[in-house]
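Everything in the sequence shown is counted per numbering that gives the first Met the number 0, starting at 0 for the first residue and increasing by one. In what follows, a structure is listed as structure tokens, so that the remarks can point back to it.
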Amino acid sequence: MKRTIRTPYFEIGTKNYIYGDTLLEYAKAADKAAEKYDIDVLFICPAVEIRRVVENTKNLIVLAPYMDTLRPGRGMADILPEALKAAGAEGVVVNHCEKPMSLPQIKATIDRARELDMLVFACADSVAETKAIAELHPDIINPEPSELIGGAGGKVSDMSYVMEVINEIRKIDKDILIEQAAGITNGKQVYDFIMAGSEAAGAASGIMNAKDPLAMIDEMIGAVRRAADDLKKGEN
Numbered sequence: 000m001k002r003t004i005r006t007p008y009f010e011i012g013t014k015n016y017i018y019g020d021t022l023l024e025y026a027k028a029a030d031k032a033a034e035k036y037d038i039d040v041l042f043i044c045p046a047v048e049i050r051r052v053v054e055n056t057k058n059l060i061v062l063a064p065y066m067d068t069l070r071p072g073r074g075m076a077d078i079l080p081e082a083l084k085a086a087g088a089e090g091v092v093v094n095h096c097e098k099p100m101s102l103p104q105i106k107a108t109i110d111r112a113r114e115l116d117m118l119v120f121a122c123a124d125s126v127a128e129t130k131a132i133a134e135l136h137p138d139i140i141n142p143e144p145s146e147l148i149g150g151a152g153g154k155v156s157d158m159s160y161v162m163e164v165i166n167e168i169r170k171i172d173k174d175i176l177i178e179q180a181a182g183i184t185n186g187k188q189v190y191d192f193i194m195a196g197s198e199a200a201g202a203a204s205g206i207m208n209a210k211d212p213l214a215m216i217d218e219m220i221g222a223v224r225r226a227a228d229d230l231k232k233g234e235n
């Protein structure tokens, strides 16, 4: 059965900033904060790190950063979906700007993920691309202008862009979870995006390049908790 994600949630992408024991240290810090704040945390790490992370944490939802669509058999060096699932991956990222995919590739990957009850975390750049991917009904869409990825210039997505993509996705499929992540470098930005209507926030370089990455993990996940509590107060 596919994993259900509680919202609001937080997502951490390690990319290739860290590896080995350092990556595991970050995963354990995220795991601790997920339990401390009672927040679901998606942890996206290289395929070779997945099993070790899964075996040493208990609160993280671990996703692979990419997979191919082949089936068991021939395919030297391709990333087999079944192997990711067996390693403990509960989902996969598609179409990140650092690993872009065509629309047919995105659809094929979503179809394979569904066969294995894996979550699909789809990235999109423009509003037009966001709408096209929403028509494929992934579990999550992370609409992020590519020029902001990597924390360039300390900028985050403009709120007008955020509200537009949220509205366009909702028109197509109200069940898709929406995350904002591009350029996020502190807990306040995490809080602001969730209060604006995003169901999640995430970070990669904002954590990896922080002066104290482990403290930043706690700060950002704590910000999700505060936003969740304030949203609940607003409902009462």
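Glycine included, C-beta positions come from ideal geometry on N, C-alpha and C.
Rounded to the nearest angstrom, the gap between the Cα atoms of residue 93 and residue 33 is 24 Å.
DSSP, reduced to helix, strand and coil, places residue 196 outside both helices and strands of the structure shown, so it counts as coil. Annotation: residue 103 is outside any beta strand (DSSP E); the continuous alpha helix (DSSP H) that includes it extends over 102-114.
Within the model, the alpha-carbon separation for residue 132 versus residue 121 is close to 8 Å.
For residue 29, the enclosing alpha helix (DSSP H) starts and ends at 19-36.
Residues of the same chain with a CB within less than 6 Å of the CB of residue 58, apart from the 5 flanking positions on each side, are 30, 33, 34 in chain order. In this structure, the beta-carbon distance from residue 158 to residue 14 does not fall below 9 Å. Assignment of residue 83 by DSSP, reduced to helix, strand and coil, places it in the helix class. Note that the C-beta distance between residue 68 and residue 110 is below 9 Å.
For residue 62, DSSP records a beta bridge to 43, 90. Cβ atoms of residue 197 and residue 161 come within 8 Å of each other, at about 7 Å.
A residue is called buried when at least 16 other Cβ atoms come within 10 angstroms of its Cβ; residue 12 meets this threshold and is buried. Contact annotation: the stretch 219-233 touches the stretch 35-42, with at least three C-beta pairs closer than 8 Å. Residue state for residue 99 is assigned as coil, using DSSP reduced to three classes. In the DSSP assignment, residue 123 forms a beta bridge with 142. Relative to the Cα of residue 118, the nearest Cα in the group 18, 195, 101, 83 belongs to 83. When rounded, the separation of the alpha-carbon atoms in residue 86 and residue 47 is 9 Å.
Assignment of residue 230 by DSSP, reduced to helix, strand and coil, places it in the helix class. For residue 8, the uninterrupted beta strand (DSSP E) segment begins and ends at 8-12. When DSSP states are grouped into helix, strand and coil, residue 134 belongs to the coil group. When secondary structure is reduced to three states using DSSP, residue 186 falls in the helix class.
Residue pairing by DSSP places residue 201 opposite 10 in a beta bridge.
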